[in-house]
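Residue numbers (the working numbering): 42 to 197.
Encoded as structure tokens, the structure appears first; notes follow it.
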């Protein structure tokens, strides 16, 4: 998969599967993630202990330049948020590994699982899967990120 920005390491990750032409759930998810990003940045953990990853499943449209423009438009802090793209096959296989479904529609757009937002711990284990868009509960996500941060402190 082609990396557009930032880094991926042994950190807590919030991972979303998106496409930039999405008319509703993807931009709403990204907007909510920006709110999470801002809260985590205020705490001094965004880009250090917690990183975000958004993976596009529309490689024909979501070129590196389109993803950069999307990031700029949405307020993505690329110091802690990586935008990835790969072939439809690569991303489909990755999504399938998380039991997510992606289907290309006749109009070229996509239908996908509304539970395509993952919380992944430092050992790369999925700790929770959340609903996307307007159904996101940022308070719960922040609490569960805090729990993972505290878990590391206890184990250090």
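Think of the CB as a built atom: it goes at the ideal place given N, C-alpha and C, for glycine as much as any other residue.
Between the CA atoms of residue j and residue i - distance to the nearest angstrom
i	j	result
residue 152	residue 104	19 Å
residue 167	residue 174	19 Å
residue 75	residue 147	31 Å
residue 100	residue 121	22 Å
For residue i, three-class secondary structure by DSSP
i	result
residue 54	strand
residue 167	strand
residue 89	coil
residue 160	strand
residue 100	coil
residue 114	helix
Supposed contact pair residue j and residue i - C-beta distance, whole angstroms, cut 8 Å
i	j	result
residue 141	residue 94	That pair is no contact at about 14 Å.
Beta-carbon spacing of residue i, residue j below 8 Å
i	j	result
residue 61	residue 132	no
residue 190	residue 86	yes
residue 113	residue 52	no
residue 155	residue 59	no
Buried versus exposed call for residue i [16 or more other C-beta atoms within 10 Å across all chains shown]
i	result
residue 57	buried
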